[in-house]
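Here is the structure we will look at.
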Amino acid sequence: MTVTKEQVLAALARVPSPGGTALPDARVLSDVVVSDGKVFFSLTVDAATVKAWEPVREAAEKAVRSIPGVQSALVALTAERSPGSPASGSRPASAPQARQAAHPADKVQPGIPGVDAVVAVASGKGGVGKSTTAVNLALGLRDLGMKVGMLDADIYGPSLPKLLAIKEKPETIGGTRLKPIQRYGLTVMSIGFLIDEETPMIWRGPMVMSAITQMLREVEWGKLDIMVVDMPPGTGDAQLTMAQQVPLKGAVIVSTPQDLALIDARRGVSMFKRVNVPVLGVVENMSYFLCPSCGTRSDIFAHGGARHEAERLGVPFLGEVPLHMTIREKSDAGLPVVATAPDSEHARIYRDIASKVLAQLKGGAGGKAAPKIVIEA
Ligand SMILES: Nc1ncnc2c1ncn2[C@@H]1O[C@H](COP(=O)(O)OP(=O)(O)O)[C@@H](O)[C@H]1O
Ligand SMILES: [Mg+2]
Numbered sequence: 561m562t563v564t565k566e567q568v569l570a571a572l573a574r575v576p577s578p579g580g581t582a583l584p585d586a587r588v589l590s591d592v593v594v595s596d597g598k599v600f601f602s603l604t605v606d607a608a609t610v611k612a613w614e615p616v617r618e619a620a621e622k623a624v625r626s627i628p629g630v631q632s633a634l635v636a637l638t639a640e641r642s643p644g645s646p647a648s649g650s651r652p653a654s655a656p657q658a659r660q661a662a663h664p665a666d667k668v669q670p671g672i673p674g675v676d677a678v679v680a681v682a683s684g685k686g687g688v689g690k691s692t693t694a695v696n697l698a699l700g701l702r703d704l705g706m707k708v709g710m711l712d713a714d715i716y717g718p719s720l721p722k723l724l725a726i727k728e729k730p731e732t733i734g735g736t737r738l739k740p741i742q743r744y745g746l747t748v749m750s751i752g753f754l755i756d757e758e759t760p761m762i763w764r765g766p767m768v769m770s771a772i773t774q775m776l777r778e779v780e781w782g783k784l785d786i787m788v789v790d791m792p793p794g795t796g797d798a799q800l801t802m803a804q805q806v807p808l809k810g811a812v813i814v815s816t817p818q819d820l821a822l823i824d825a826r827r828g829v830s831m832f833k834r835v836n837v838p839v840l841g842v843v844e845n846m847s848y849f850l851c852p853s854c855g856t857r858s859d860i861f862a863h864g865g866a867r868h869e870a871e872r873l874g875v876p877f878l879g880e881v882p883l884h885m886t887i888r889e890k891s892d893a894g895l896p897v898v899a900t901a902p903d904s905e906h907a908r909i910y911r912d913i914a915s916k917v918l919a920q921l922k923g924g925a926g927g928k929a930a931p932k933i934v935i936e937a
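Set out below in structure tokens:
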């Protein structure tokens, strides 16, 4: 039985919006995508009215699910801040508010209960080793005595299930909250657990904010010193929105040494600066090639580019990770080097990066003045 878009719209016509108008007439509905009995669409509403819309979102899902032939329905609620409306409900209404509302950089997100600091690992483009760095950085922080969580927010290619060899799905607690997975002493949650691989890419965008909110707020993270977030690569709207929605204490940018990657890294640095998230530093990944058989080092990508770029941009340089077969093999087998070869030189490099990040978070050390933490988590 084929489900049509018209059937979906007809079902939605029976769902009233908070103002009373039928949902299809409320000017909030995105295009409706129907694929193989799966229905996706989003409701874009003013951020100030999100609470009132949540029951409507649920009713819309229910209405669509009751159409014969529909296997699943996913309705995302996306908040859109209307010009001039308050940036966040948690900010008291005061005189500077108008200026703050007009300036996206002043957006303040409420923290995650129990989580002391959220750190983003980001890159200007994909495939530079962002996830590998994020995992080993998290493990390095663990080795420094921190209680660490990892959130895989990379909508384009969630990789923590693979890098940490996680096959199980999170259990729900009391029907609503999710229990994260424990691996190598890390508390882990991945967008891969929530978004079906089959979900068309264009749909991931609109779904992202509700999925991210769910992962931040509806997961039993427990007490964490640091949460490391594997961000989606790039510096476009999706990344910017996420940088604004997640209560970040700082960001680590991963780049390879080539000029092109560095241009993207520069965009990453300016994106976080725009939203007032301090850049904790830049990691140069695949910095130089270490021959696995003879140990000879060669600088195939003009090593050192990221260090110079960091200096130029006035952000700390955190370290160089070599391009090495062991890192790739272990990473892709779900056996990250810091956890499974703690005495290796690679593990030492990652732990060194972790201690620089920690020093930055603790507000000092390491020569350069620590960036001021503007956004409170
Ligand atoms: N330093 C490194 N040496 C060798 N291979 C690496 C290194 N860093 C990452 N890789 C490999 O490169 C590929 C892309 O890395 P990944 O961390 O998934 O990148 P991203 O998250 O930026 O897309 C993976 O196969 C990974 O194992
Ligand atoms: Mg990745």
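Here this note's numbering = 1-based position in the sequence shown + 560. Cβ coordinates follow ideal geometry from the N, Cα and C atoms, glycine included. As the structure is a prediction and not an experimental result, all values here were calculated from the model.
D596 to A725 span [Cα, whole Å]: When rounded, the distance between both Cα atoms is 30 Å.
With 16 other Cβ atoms within 10 Å as the buried cut-off, status of M561: exposed
Beta carbon proximity, V599 to chain D, threshold 8 Å: Judged by its chain identifiers, the structure shown contains no chain D, having just a single protein chain.
Rounded distance between the beta-carbons of V812 and A697, thought under 8 Å: A small fix is needed here, since residue 697 is Leu in this sequence, not Ala. Right, the Cβ-Cβ distance comes to about 7 Å (below 8 Å), so this counts as a contact.
For Q631, the first and last residue of its enclosing beta strand (DSSP E): Taken as a continuous stretch (DSSP letters only), Q631 belongs to no beta strand (DSSP E), as it is neither H nor E.
Cβ-based burial, R625 [other Cβ within 10 Å; buried from 16]: exposed
Per DSSP, the bridge partner or partners of R743: L746.
Own chain, CB closer than 6 Å to A870, minus 5 neighbours either side, in chain order: V842 and F877
R834 Cβ short of 7 Å to ligand 1 heavy atom set: no
A573 versus V748 - alpha carbon distance: 40 Å
Exposed unless 16 or more other CB atoms sit within 10 angstroms - verdict on H906: buried
Proximity of G752 and P718 at Cβ, strictly below 8 Å: Yes, the Cβ-Cβ distance between G752 and P718 is below 8 Å.
Which residues DSSP lists as bridging A677, in chain order: According to DSSP, A677 bridges with I786.
Test item: CB-CB of P609 and P578 under 8 Å: For clarity, residue 609 is Thr in the given sequence; the question names Pro instead. Against a cut-off of 8 Å, the Cβ pair of P578 and T609 comes out as a contact.
Closest Cα partner of D892 within the set R908, L723, G874 and P852: L723
T604, enclosing beta strand (DSSP E) - first and last residue: K598 to D606 is the span of the beta strand (DSSP E), which, as asked, contains T604.
Continuous beta strand (DSSP E) stretch holding A811: start and end: G810 to S815
Own chain residues within Cβ distance below 6 Å of H884, not counting five before or after: L850
Residues bridged to G561 (per DSSP): This sequence places Met at residue 561; Gly is not what is there. Answer is none; M561 lacks a bridge partner.
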